[in-house]
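Visitor: Please read through the structure below; I'll follow up with questions.
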Ligand code: ADP
Ligand code: MG
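Residue numbers (our numbering): 419 to 632.
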């Protein structure tokens, strides 16, 4: 299957073409159609299989093709376990939203906190963040998630291993829009902790397992 076979906005197709991508990987082929239907997704596939675009493409398509459900930005929040991973996802996201009205901001630990407060004041529609830093901004009321339409957890198992379950619960608690779509990606989805998180955060998710890492 090719990206041009998907019912997605032409601006996304143009950007994917500029990234020299044409054929979908397995996880993209399985996940993107459900993502485009606004379904919750619980997916697992090995490192390097192309998970980033599996959630970025449906996210950007929804933001480009549907009106915001509320005036409150951000509409989308992507959480990653580490700064480095968040930066990688941010890079991909920026390429996919090139030449659109959408703006994405990176909010991770280790960067100046007050600079981030200013970034958040500019109300980006998309935030890519580490859970710890975003939880701090939520607590300090620099950020509100009542308009959040898409919550994406990348490498959810690693976030739990790193001890972010409290922060994830706090973020979820402030982002309980009834039309929220949640997509969770994880190397493993059978652990008890992941199952519990799935039950709390996801609503009747489509489960996609491409290749077990266990
Ligand atoms: P994962 O998150 O599963 O580890 P990534 O999303 O980081 O994987 O992608 C791994 C690599 O594969 C990246 O270099 C990315 O550019 C490349 N890639 C992703 N999707 C495609 C595709 N459809 N065709 C070719 N290369 C791709
Ligand atoms: Mg990844």
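Beta carbons are placed, not taken as given, at the ideal position from N, Cα and C, and that holds for glycine.
Less than 8 Å between the CB atoms is what I'm expecting for residue 514 and residue 547, so what's the real figure, rounded?
Guide: Within the chain shown, residue 514 is the residue found at index 96, counting from 1. Within the chain shown, residue 547 is the residue found at index 129, counting from 1. With a Cβ gap of about 17 Å, residue 514 and residue 547 do not count as contacting.
Visitor: Anyone know if the C-beta pair for residue 601 and residue 458 falls short of 8 Å?
Guide: Residue mapping note: residue 601 aligns to position 183 of the chain shown, counting from 1. Residue mapping note: residue 458 aligns to position 40 of the chain shown, counting from 1. Their beta carbons are under 8 Å apart, which means residue 601 touches residue 458 by this criterion.
Visitor: Provide the residue(s) that pair with residue 415 in DSSP beta bridges, ordered along the chain.
Guide: Outside the modelled stretch of the chain, which goes from 419 to 632, sits residue 415, for which no answer is possible.
Visitor: Given that a residue counts as buried once 16 or more other Cβ atoms are within 10 Å of its Cβ, and exposed if not, what is residue 419?
Guide: Residue 419 sits at position 1 when you count from the first residue of the chain shown. The residue in question, residue 419, is exposed, as its Cβ has fewer than 16 Cβ neighbours within 10 Å.
Visitor: Taking residue 483 as part of the alpha helix (DSSP H), name the residues at either end of that continuous run.
Guide: For this step, residue 483 is matched to residue 65 along the chain shown. Here the alpha helix (DSSP H) through residue 483 covers 469 to 483.
Visitor: Could you check whether residue 598 and residue 618 sit closer than 8 Å to each other, using their CB atoms as the reference points?
Guide: The count along the chain shown starts at 1 and reaches residue 618 at position 200. The count along the chain shown starts at 1 and reaches residue 598 at position 180. Their beta carbons are not under 8 Å apart, which means residue 618 does not touch residue 598 by this criterion.
Visitor: Put residue 420 into one of helix, strand or coil per three-state DSSP.
Guide: In the chain shown, counting from the first residue as 1, residue 420 sits at position 2. In the structure shown, residue 420 sits in a strand (DSSP, three-state: E or B).
Visitor: Taking 7 Å as the cut-off, is the CB of residue 442 close to at least one heavy atom of the ligand ADP?
Guide: Working through the chain shown from its first residue, we reach residue 442 at position 24. Yes, the Cβ of residue 442 comes within 7 Å of a heavy atom of the ligand ADP.
Visitor: Secondary structure at residue 372, three-state DSSP: helix, strand or coil?
Guide: Past the edges of the chain, shown from 419 to 632, lies residue 372, and the structure says nothing about it.
Visitor: Leaving out five residues before and five after residue 510 in sequence, what residues of the same chain have Cβ atoms less than 8 Å from its Cβ?
Guide: Start at 1 with the first residue of the chain shown, and residue 510 comes out as number 92. Here the set comprises 470, 471, 474.
Visitor: Below 7 Å CB to CB, which residues in the same chain sit around residue 631 once its five sequence neighbours on both sides are set aside?
Guide: Here residue 631 refers to the residue found at position 213 of the chain shown. Confidence at residue 631 is low in this model, with a pLDDT of 47, below 50, so its placement is unreliable and the value that follows should be read with caution. For residue 631, where only same-chain residues beyond five positions count, the Cβ hits under 7 Å are 464, 605, 606.
Visitor: Quick check on the burial criterion: 16 or more other C-beta atoms within 10 angstroms. Buried or exposed for residue 453?
Guide: On the chain shown, residue 453 is found 35 positions in, with the first residue counted as 1. Buried, because 16 or more other Cβ atoms sit within 10 Å of the Cβ of residue 453.
Visitor: I believe residue 543 touches residue 521 by the beta-carbon criterion, under 8 Å. Please report the beta-carbon distance rounded to the nearest angstrom.
Guide: Translated into positions along the chain shown, residue 543 becomes position 125. Translated into positions along the chain shown, residue 521 becomes position 103. Yes, they are in contact, since the Cβ atoms of residue 543 and residue 521 sit about 6 Å apart, within 8 Å.
Visitor: Roughly how many whole angstroms lie between the Cα atoms of residue 422 and residue 523?
Guide: Numbered from its first residue, the chain shown carries residue 422 at position 4. Numbered from its first residue, the chain shown carries residue 523 at position 105. Approximately 28 Å, taken between the alpha carbons.
Visitor: Give me the Cα-Cα distance between residue 580 and residue 498, rounded to the nearest whole angstrom.
Guide: Numbered from its first residue, the chain shown carries residue 580 at position 162. Numbered from its first residue, the chain shown carries residue 498 at position 80. So the two alpha carbons sit approximately 11 Å from each other.
Visitor: Do the region 577 to 591 and the region 441 to 456 make contact, defined as three or more Cβ pairs closer than 8 Å?
Guide: With the cut-off at 8 Å, the region 577 to 591 and the region 441 to 456 do not touch.
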